[in-house]
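Residue numbers (this note's numbering): 9 to 388.
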Amino acid sequence: MEKTVVLITGCSSGIGLGLAVRLASDASRRFKGTARACAAESGSWQRRSPPNLGTDSLLVYATMRNLAKKERLLECVRGCHASTLEILQLDVTDPLSLAAAVQQVQEQRVDVLVCNAGVGLMGPLETCSYQAMKNIFDVNVFGTISTIQAFLPGMKRRKAGKIIISSSVGALQGIPFNAVYCASKFAVEGLCESLAVILQQFNMHITLIECGPVNTSFLANLQHSDTEGSALQGLDPQTRTLYSQYLQHCQSLFRDVAQDTEEVLQVFLEAICAPCPPLRSFTTQVFMPLTRLKLTSPDGSEYIRAMHKFVFSAGEAQGDRTLSVPPMGDPPGCSGGWCNRHWTPSPSMAQGPGVERGGEVQGVVFHFSLGPEGWPQVWD
(Lines of atoms letter the chains of each structure in order from A; the text may use other names.)
(Lines give C-alpha, C1' and ligand atoms only; values in the text may rest on other atoms or scores of the structure.)
Protein backbone atom coordinates (compact mmCIF):
# COMPACT_ATOMS: atom_id res chain seq x y z
CA MET A 9 0.00 0.00 0.00
CA GLU A 10 1.45 3.35 -1.03
CA LYS A 11 2.20 5.77 1.75
CA THR A 12 1.00 9.35 1.88
CA VAL A 13 4.12 11.43 2.46
CA VAL A 14 3.88 14.65 4.49
CA LEU A 15 6.87 16.96 4.95
CA ILE A 16 6.68 19.71 7.58
CA THR A 17 9.21 22.48 8.14
CA GLY A 18 9.87 24.11 11.51
CA CYS A 19 9.12 21.10 13.73
CA SER A 20 11.36 21.86 16.70
CA SER A 21 8.51 23.62 18.53
CA GLY A 22 5.04 25.07 18.32
CA ILE A 23 2.56 24.23 15.60
CA GLY A 24 5.10 22.32 13.51
CA LEU A 25 5.96 20.02 16.38
CA GLY A 26 2.31 19.58 17.32
CA LEU A 27 1.28 18.73 13.77
CA ALA A 28 4.10 16.22 13.33
CA VAL A 29 3.11 14.53 16.58
CA ARG A 30 -0.56 14.33 15.66
CA LEU A 31 0.12 12.85 12.23
CA ALA A 32 2.95 10.48 13.12
CA SER A 33 1.32 9.11 16.28
CA ASP A 34 -1.96 8.08 14.67
CA ALA A 35 -1.33 4.90 12.71
CA SER A 36 -5.01 4.61 11.79
CA ARG A 37 -4.86 7.98 10.00
CA ARG A 38 -8.01 9.07 11.82
CA PHE A 39 -6.37 11.80 13.91
CA LYS A 40 -8.28 11.11 17.11
CA GLY A 41 -5.88 13.01 19.30
CA THR A 42 -4.23 9.87 20.63
CA ALA A 43 -0.74 11.35 20.58
CA ARG A 44 1.23 11.60 23.79
CA ALA A 45 0.38 14.99 25.29
CA CYS A 46 3.32 17.28 25.97
CA ALA A 47 1.60 19.51 28.48
CA ALA A 48 4.72 21.40 29.41
CA GLU A 49 5.42 22.25 25.79
CA SER A 50 2.13 22.85 24.04
CA GLY A 51 -0.52 23.49 26.62
CA SER A 52 -3.76 21.55 26.70
CA TRP A 53 -4.22 18.91 24.02
CA GLN A 54 -7.73 17.50 23.97
CA ARG A 55 -9.10 14.44 22.25
CA ARG A 56 -11.13 15.31 19.20
CA SER A 57 -12.56 13.58 16.15
CA PRO A 58 -10.97 15.26 13.15
CA PRO A 59 -11.71 14.15 9.59
CA ASN A 60 -10.26 10.93 8.23
CA LEU A 61 -7.50 11.27 5.65
CA GLY A 62 -7.91 7.72 4.41
CA THR A 63 -6.85 4.18 5.18
CA ASP A 64 -3.44 4.00 3.51
CA SER A 65 -0.29 4.37 5.59
CA LEU A 66 1.35 7.67 6.44
CA LEU A 67 4.93 8.86 6.64
CA VAL A 68 5.82 12.20 8.19
CA TYR A 69 9.11 13.95 7.52
CA ALA A 70 9.52 16.40 10.40
CA THR A 71 12.27 18.86 9.59
CA MET A 72 14.10 21.41 11.69
CA ARG A 73 17.09 23.68 11.29
CA ASN A 74 18.86 22.41 14.40
CA LEU A 75 18.67 18.66 15.03
CA ALA A 76 19.89 19.24 18.59
CA LYS A 77 16.27 20.22 19.32
CA LYS A 78 14.78 16.93 18.12
CA GLU A 79 14.55 15.39 21.60
CA ARG A 80 11.38 17.33 22.37
CA LEU A 81 9.69 15.82 19.31
CA LEU A 82 10.97 12.32 20.06
CA GLU A 83 9.66 12.55 23.61
CA CYS A 84 6.20 13.51 22.39
CA VAL A 85 5.93 10.55 19.99
CA ARG A 86 7.86 8.00 22.05
CA GLY A 87 6.74 4.47 21.22
CA CYS A 88 4.30 5.64 18.53
CA HIS A 89 6.45 6.45 15.51
CA ALA A 90 8.46 3.39 14.49
CA SER A 91 7.30 3.51 10.88
CA THR A 92 5.57 6.87 10.60
CA LEU A 93 8.19 9.51 11.43
CA GLU A 94 11.52 10.57 10.00
CA ILE A 95 13.38 13.61 11.33
CA LEU A 96 15.49 15.55 8.85
CA GLN A 97 17.77 18.56 9.11
CA LEU A 98 16.47 21.38 6.94
CA ASP A 99 17.39 25.04 6.95
CA VAL A 100 14.94 26.71 4.57
CA THR A 101 17.42 29.55 3.98
CA ASP A 102 20.17 27.18 2.78
CA PRO A 103 19.88 25.85 -0.82
CA LEU A 104 22.27 22.98 -0.07
CA SER A 105 20.22 21.95 2.95
CA LEU A 106 17.04 21.99 0.86
CA ALA A 107 18.64 19.90 -1.88
CA ALA A 108 19.87 17.37 0.68
CA ALA A 109 16.41 17.10 2.24
CA VAL A 110 14.83 16.42 -1.15
CA GLN A 111 17.31 13.60 -1.71
CA GLN A 112 16.65 12.11 1.73
CA VAL A 113 12.93 11.69 1.08
CA GLN A 114 13.13 7.99 0.28
CA GLU A 115 9.86 7.90 -1.63
CA GLN A 116 11.24 10.60 -3.94
CA ARG A 117 8.00 12.49 -3.59
CA VAL A 118 6.00 14.60 -1.14
CA ASP A 119 2.20 14.49 -1.24
CA VAL A 120 1.58 17.21 1.36
CA LEU A 121 4.09 20.00 1.97
CA VAL A 122 3.56 22.07 5.11
CA CYS A 123 5.62 25.28 5.11
CA ASN A 124 5.62 26.18 8.78
CA ALA A 125 9.11 27.57 9.43
CA GLY A 126 8.96 31.25 10.28
CA VAL A 127 10.22 33.97 12.59
CA GLY A 128 8.82 37.26 13.82
CA LEU A 129 10.05 40.75 14.55
CA MET A 130 8.28 43.36 16.65
CA GLY A 131 9.26 46.90 17.49
CA PRO A 132 9.32 50.44 16.13
CA LEU A 133 10.67 50.38 12.59
CA GLU A 134 13.50 52.76 13.55
CA THR A 135 14.87 50.13 15.96
CA CYS A 136 14.88 47.22 13.49
CA SER A 137 18.39 46.50 12.26
CA TYR A 138 19.04 45.68 8.63
CA GLN A 139 20.27 42.20 9.57
CA ALA A 140 17.14 41.46 11.61
CA MET A 141 14.89 42.60 8.76
CA LYS A 142 16.88 40.61 6.22
CA ASN A 143 16.59 37.50 8.37
CA ILE A 144 12.81 37.89 8.52
CA PHE A 145 12.58 37.95 4.73
CA ASP A 146 15.17 35.20 4.31
CA VAL A 147 13.10 32.82 6.44
CA ASN A 148 9.50 33.91 5.92
CA VAL A 149 9.61 34.85 2.23
CA PHE A 150 12.61 33.37 0.46
CA GLY A 151 12.62 30.30 2.70
CA THR A 152 8.99 29.60 1.84
CA ILE A 153 9.58 30.21 -1.87
CA SER A 154 12.68 27.99 -1.93
CA THR A 155 10.90 25.16 -0.11
CA ILE A 156 8.00 25.23 -2.56
CA GLN A 157 10.43 25.40 -5.49
CA ALA A 158 12.21 22.29 -4.25
CA PHE A 159 9.11 20.08 -4.19
CA LEU A 160 6.85 21.71 -6.79
CA PRO A 161 8.25 19.98 -9.91
CA GLY A 162 7.53 16.52 -8.50
CA MET A 163 3.99 17.46 -7.55
CA LYS A 164 3.37 18.88 -11.01
CA ARG A 165 4.68 15.71 -12.68
CA ARG A 166 2.28 13.60 -10.62
CA LYS A 167 -0.51 16.17 -11.06
CA ALA A 168 -1.29 15.83 -7.37
CA GLY A 169 -0.29 17.47 -4.13
CA LYS A 170 -1.16 19.96 -1.43
CA ILE A 171 0.87 22.86 -0.10
CA ILE A 172 -0.12 24.17 3.32
CA ILE A 173 1.30 27.50 4.49
CA SER A 174 1.37 28.52 8.15
CA SER A 175 0.24 32.13 7.83
CA SER A 176 -1.24 34.80 10.05
CA VAL A 177 -3.85 37.50 10.37
CA GLY A 178 -0.76 39.68 10.12
CA ALA A 179 -0.65 38.60 6.48
CA LEU A 180 -4.01 40.29 5.87
CA GLN A 181 -3.84 43.25 8.26
CA GLY A 182 -1.13 45.82 8.81
CA ILE A 183 -0.47 45.53 12.55
CA PRO A 184 1.23 48.37 14.42
CA PHE A 185 4.89 47.72 15.31
CA ASN A 186 4.89 44.59 13.14
CA ALA A 187 5.70 46.39 9.89
CA VAL A 188 8.54 44.15 8.73
CA TYR A 189 6.86 40.93 9.83
CA CYS A 190 3.59 41.91 8.14
CA ALA A 191 5.47 42.88 4.99
CA SER A 192 6.99 39.40 4.84
CA LYS A 193 3.63 37.72 5.38
CA PHE A 194 1.88 39.97 2.85
CA ALA A 195 4.49 38.83 0.33
CA VAL A 196 3.67 35.17 0.97
CA GLU A 197 -0.04 35.89 0.49
CA GLY A 198 0.70 37.30 -2.96
CA LEU A 199 2.90 34.33 -3.75
CA CYS A 200 0.18 31.85 -2.87
CA GLU A 201 -2.62 33.71 -4.65
CA SER A 202 -0.54 33.75 -7.81
CA LEU A 203 0.36 30.07 -7.53
CA ALA A 204 -3.21 28.98 -6.80
CA VAL A 205 -4.39 30.13 -10.22
CA ILE A 206 -1.79 27.94 -11.94
CA LEU A 207 -1.81 24.95 -9.61
CA GLN A 208 -5.47 24.17 -10.22
CA GLN A 209 -4.40 23.13 -13.72
CA PHE A 210 -2.24 20.44 -12.10
CA ASN A 211 -4.89 19.12 -9.71
CA MET A 212 -3.01 20.76 -6.85
CA HIS A 213 -4.14 22.97 -3.99
CA ILE A 214 -2.37 25.60 -1.90
CA THR A 215 -3.88 26.74 1.42
CA LEU A 216 -2.92 29.54 3.79
CA ILE A 217 -3.78 28.84 7.43
CA GLU A 218 -4.47 32.30 8.88
CA CYS A 219 -3.63 32.04 12.59
CA GLY A 220 -4.37 34.51 15.35
CA PRO A 221 -2.89 34.49 18.87
CA VAL A 222 -2.09 30.97 20.07
CA ASN A 223 -1.30 29.83 23.61
CA THR A 224 2.07 28.14 23.42
CA SER A 225 5.28 28.15 25.40
CA PHE A 226 7.45 27.16 22.47
CA LEU A 227 10.38 29.40 21.63
CA ALA A 228 11.23 30.16 18.03
CA ASN A 229 14.40 31.63 16.66
CA LEU A 230 14.85 34.86 18.54
CA GLN A 231 14.41 38.06 16.56
CA HIS A 232 14.12 41.38 18.32
CA SER A 233 14.38 45.02 17.50
CA ASP A 234 16.86 47.20 19.36
CA THR A 235 14.45 48.46 21.99
CA GLU A 236 17.04 48.65 24.74
CA GLY A 237 20.11 50.13 23.10
CA SER A 238 20.95 53.32 21.29
CA ALA A 239 17.96 53.04 18.95
CA LEU A 240 15.57 53.14 21.89
CA GLN A 241 17.26 56.19 23.32
CA GLY A 242 16.78 57.94 20.00
CA LEU A 243 13.05 57.23 19.81
CA ASP A 244 10.70 60.12 20.28
CA PRO A 245 8.60 59.97 23.48
CA GLN A 246 5.32 59.54 21.60
CA THR A 247 6.53 56.43 19.77
CA ARG A 248 7.82 54.94 23.02
CA THR A 249 4.43 55.53 24.64
CA LEU A 250 2.55 54.00 21.71
CA TYR A 251 4.81 50.94 21.72
CA SER A 252 4.27 50.45 25.44
CA GLN A 253 0.51 50.61 24.84
CA TYR A 254 0.84 48.07 22.05
CA LEU A 255 2.65 45.60 24.32
CA GLN A 256 -0.17 45.86 26.84
CA HIS A 257 -2.65 45.33 24.01
CA CYS A 258 -0.85 42.09 23.06
CA GLN A 259 -1.10 40.83 26.63
CA SER A 260 -4.81 41.59 26.62
CA LEU A 261 -5.27 39.61 23.41
CA PHE A 262 -3.64 36.54 24.92
CA ARG A 263 -5.79 36.77 27.99
CA ASP A 264 -9.03 37.13 26.06
CA VAL A 265 -8.86 35.49 22.64
CA ALA A 266 -5.76 33.26 22.34
CA GLN A 267 -6.46 29.76 21.05
CA ASP A 268 -5.14 26.43 22.28
CA THR A 269 -2.63 24.73 20.01
CA GLU A 270 -5.01 21.82 19.50
CA GLU A 271 -7.70 24.12 18.12
CA VAL A 272 -5.27 25.49 15.55
CA LEU A 273 -3.97 22.03 14.62
CA GLN A 274 -7.53 21.03 13.80
CA VAL A 275 -7.61 23.60 10.99
CA PHE A 276 -4.34 22.26 9.56
CA LEU A 277 -5.69 18.71 9.65
CA GLU A 278 -8.88 19.74 7.89
CA ALA A 279 -6.86 21.37 5.11
CA ILE A 280 -4.71 18.26 4.77
CA CYS A 281 -7.76 15.99 4.65
CA ALA A 282 -10.04 18.05 2.42
CA PRO A 283 -10.16 16.94 -1.24
CA CYS A 284 -10.34 20.58 -2.38
CA PRO A 285 -9.19 22.86 0.45
CA PRO A 286 -9.74 26.62 0.05
CA LEU A 287 -7.01 29.16 -0.55
CA ARG A 288 -7.48 30.51 2.99
CA SER A 289 -8.63 28.85 6.20
CA PHE A 290 -9.00 30.90 9.38
CA THR A 291 -8.30 29.46 12.82
CA THR A 292 -10.38 32.23 14.42
CA GLN A 293 -13.07 34.68 13.34
CA VAL A 294 -12.17 37.25 16.00
CA PHE A 295 -10.25 39.49 13.60
CA MET A 296 -12.65 39.14 10.68
CA PRO A 297 -14.35 42.52 11.25
CA LEU A 298 -11.02 44.30 10.74
CA THR A 299 -10.24 42.18 7.69
CA ARG A 300 -13.59 42.98 6.15
CA LEU A 301 -13.00 46.70 6.53
CA LYS A 302 -10.37 46.40 3.81
CA LEU A 303 -13.17 45.35 1.46
CA THR A 304 -15.85 47.76 2.63
CA SER A 305 -13.41 50.71 2.63
CA PRO A 306 -10.84 49.98 -0.10
CA ASP A 307 -9.04 53.29 0.39
CA GLY A 308 -7.91 52.06 3.82
CA SER A 309 -9.20 54.97 5.87
CA GLU A 310 -11.75 52.98 7.86
CA TYR A 311 -9.29 50.18 8.56
CA ILE A 312 -6.65 52.60 9.85
CA ARG A 313 -9.18 54.30 12.11
CA ALA A 314 -10.53 51.01 13.46
CA MET A 315 -7.11 49.44 14.05
CA HIS A 316 -5.89 52.56 15.85
CA LYS A 317 -8.93 52.53 18.12
CA PHE A 318 -8.60 48.77 18.69
CA VAL A 319 -4.95 48.96 19.76
CA PHE A 320 -4.45 52.36 21.35
CA SER A 321 -7.71 53.27 23.09
CA ALA A 322 -7.11 51.27 26.29
CA GLY A 323 -7.86 54.33 28.38
CA GLU A 324 -11.12 55.14 26.65
CA ALA A 325 -14.54 53.92 27.61
CA GLN A 326 -15.33 50.34 26.64
CA GLY A 327 -18.10 51.48 24.33
CA ASP A 328 -15.73 53.71 22.39
CA ARG A 329 -13.63 50.70 21.38
CA THR A 330 -16.49 48.81 19.73
CA LEU A 331 -15.79 47.81 16.14
CA SER A 332 -18.78 48.04 13.82
CA VAL A 333 -18.56 46.73 10.28
CA PRO A 334 -21.12 47.63 7.59
CA PRO A 335 -23.21 44.61 6.50
CA MET A 336 -21.88 42.83 3.43
CA GLY A 337 -22.92 39.27 4.08
CA ASP A 338 -20.65 36.69 5.63
CA PRO A 339 -17.33 35.76 4.07
CA PRO A 340 -16.47 32.05 3.68
CA GLY A 341 -16.21 30.34 7.05
CA CYS A 342 -18.06 33.13 8.84
CA SER A 343 -21.73 32.22 8.93
CA GLY A 344 -24.79 33.25 10.85
CA GLY A 345 -24.28 36.98 10.56
CA TRP A 346 -21.42 36.87 13.09
CA CYS A 347 -19.31 39.35 11.17
CA ASN A 348 -22.11 41.91 11.10
CA ARG A 349 -22.21 42.09 14.89
CA HIS A 350 -20.49 44.68 17.01
CA TRP A 351 -17.30 43.35 18.52
CA THR A 352 -15.88 44.94 21.66
CA PRO A 353 -12.36 43.84 22.59
CA SER A 354 -11.47 43.85 26.25
CA PRO A 355 -9.39 46.67 27.73
CA SER A 356 -5.66 46.15 27.76
CA MET A 357 -4.20 44.40 30.78
CA ALA A 358 -1.44 46.42 32.39
CA GLN A 359 1.67 44.52 33.46
CA GLY A 360 4.41 45.70 35.73
CA PRO A 361 8.16 45.40 35.18
CA GLY A 362 9.84 42.03 35.48
CA VAL A 363 6.83 39.99 34.32
CA GLU A 364 7.60 37.18 31.89
CA ARG A 365 5.19 36.31 29.11
CA GLY A 366 5.14 33.81 26.28
CA GLY A 367 2.80 32.94 23.49
CA GLU A 368 2.12 33.48 19.83
CA VAL A 369 0.96 36.75 18.27
CA GLN A 370 -0.49 36.54 14.76
CA GLY A 371 0.99 33.09 14.39
CA VAL A 372 4.50 34.04 15.55
CA VAL A 373 5.90 32.43 18.66
CA PHE A 374 7.52 34.83 21.06
CA HIS A 375 8.89 34.98 24.57
CA PHE A 376 9.84 38.14 26.33
CA SER A 377 10.81 39.50 29.71
CA LEU A 378 9.78 43.01 30.65
CA GLY A 379 12.78 44.93 31.89
CA PRO A 380 12.96 47.71 34.48
CA GLU A 381 11.36 50.23 32.13
CA GLY A 382 8.71 47.81 30.89
CA TRP A 383 10.41 47.27 27.52
CA PRO A 384 10.74 43.76 26.04
CA GLN A 385 14.18 42.27 26.33
CA VAL A 386 13.61 39.45 23.84
CA TRP A 387 11.05 39.15 21.06
CA ASP A 388 10.39 36.41 18.54
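Each residue gets a CB set at the ideal place from its N, CA and C atoms; glycine is no exception.
query	result
Say whether the region 106-114 touches the region 133-148, bearing in mind that this needs 3 or more beta-carbon pairs closer than 8 angstroms, one atom from each stretch.	no
Three-state secondary structure (DSSP) at N186?	coil
Return the CA-CA distance between G131 and R248, expressed in angstroms with no decimal places.	10 angstroms
When you compare only the Cα positions, how much space is there between P306 and R288?	20 angstroms
Can you tell which of G126, D34 and I156 has its C-alpha closest to the C-alpha of K142?	G126
Spatial neighbours of A266 within its chain, please: CB distance less than 7 angstroms, with the 5 preceding and 5 following residues excluded, ordered by chain position.	P221, V222, N223 and G367
DSSP on L203, reduced to helix/strand/coil?	helix
DSSP on E197, reduced to helix/strand/coil?	helix
Taking the alpha-carbon positions, what's the V22 to I312 distance?	At residue 22 the sequence reads Gly, which differs from the Val that was named. Rounded to whole angstroms, G22 to I312 spans 31 angstroms at the Cα level.
Would the beta-carbon of L393 fall within 8 angstroms of that of Y69?	This structure leaves residue 393 out entirely; the chain is present only between 9 and 388.
Which residues mark the beginning and the end of the beta strand (DSSP E) in which C84 is found?	From DSSP, C84 is part of no beta strand (DSSP E) but of the alpha helix (DSSP H) over K78 to C84.
Is it buried or exposed for G308, if we count other Cβ within 10 angstroms and need 16 for buried?	exposed
Tell me whether the beta-carbon of L25 lies closer than 8 angstroms to the beta-carbon of R80.	yes
Taking 8 angstroms as the threshold (C-beta atoms), are V122 and L27 in contact?	yes
Leaving out five residues on either side along the sequence, give the residues of the same chain with a beta carbon under 8 angstroms from the beta carbon of E201.	L287
Mark C284 as exposed unless 16 or more other C-beta atoms lie within 10 angstroms of its C-beta, in which case mark it buried.	exposed
What are the uninterrupted segments assigned as alpha helix (DSSP H) that are 4 or more residues long and contained completely in the region 65-145, given in chain order?	78-84, 103-112 and 138-145
Give the DSSP-derived three-state secondary structure of F318 in the structure shown.	helix
Within its chain, find whatever has a CB closer than 8 angstroms to the CB of M315; leave out the 5 residues flanking it on each side and keep chain order.	Q181, G182, I183, P184 and L298
In its own chain, which residues sit with a C-beta less than 8 angstroms from the C-beta of Y254, not counting the 5 before and 5 after it?	P184, F185, V319 and F320
In the DSSP assignment, find the unbroken beta strand (DSSP E) run with V14 in it and report its ends.	T12 to I16
What are the residues that DSSP puts in a beta bridge with L31?	The partner list for L31 (beta bridge, DSSP) is empty, contrary to what the question assumes.
Would you mind sorting N74 into buried or exposed? The rule is 16 or more other CB atoms within 10 Å of its CB.	exposed
For A187, which residues in the same chain have their Cβ closer than 7 angstroms to its Cβ, ignoring the five residues on either side in sequence?	L133
Using only CA atoms, which one of V177, A282, D264 and G18 lies nearest to I214?	A282
Within the chosen definition, does the region 145-158 reach the region 258-274 through at least 3 CB pairs nearer than 8 angstroms?	no
Just list the residues that DSSP pairs D268 with in beta bridges.	N223
Thinking C-beta only, is T101 closer than 8 angstroms to Y67?	The identity of residue 67 in the sequence shown is Leu, whereas the question assumes Tyr. Contact: no.
Let me check understanding here. Comparing Cα to Cα, which of P103, L96, K167 and A179 lies closest to Q209?	K167
Within the continuous alpha helix (DSSP H) that includes S154, where are the two ends?	T152 to R166
Report the rounded CA-to-CA distance for I280 versus D244, giving the unit in angstroms.	47 angstroms
Please check the pair S192 and I144, which I expect to be a contact at CB under 8 angstroms, by giving their CB distance rounded to whole angstroms.	5 angstroms
Nearest to K170 by alpha carbon, out of Q241, F290 and E278?	E278
Should W387 be labelled buried (16 or more other beta-carbon atoms within 10 Å of its own) or exposed?	Bear in mind that the predicted position of W387 carries a pLDDT of just 28, short of 50, making it too unreliable to give a figure here.
Which same chain residues end up closer than 6 angstroms to K77 when comparing Cβ atoms and leaving out the 5 residues on each side of it in sequence?	S20
So what's T247 in DSSP terms, helix, strand or just coil?	helix
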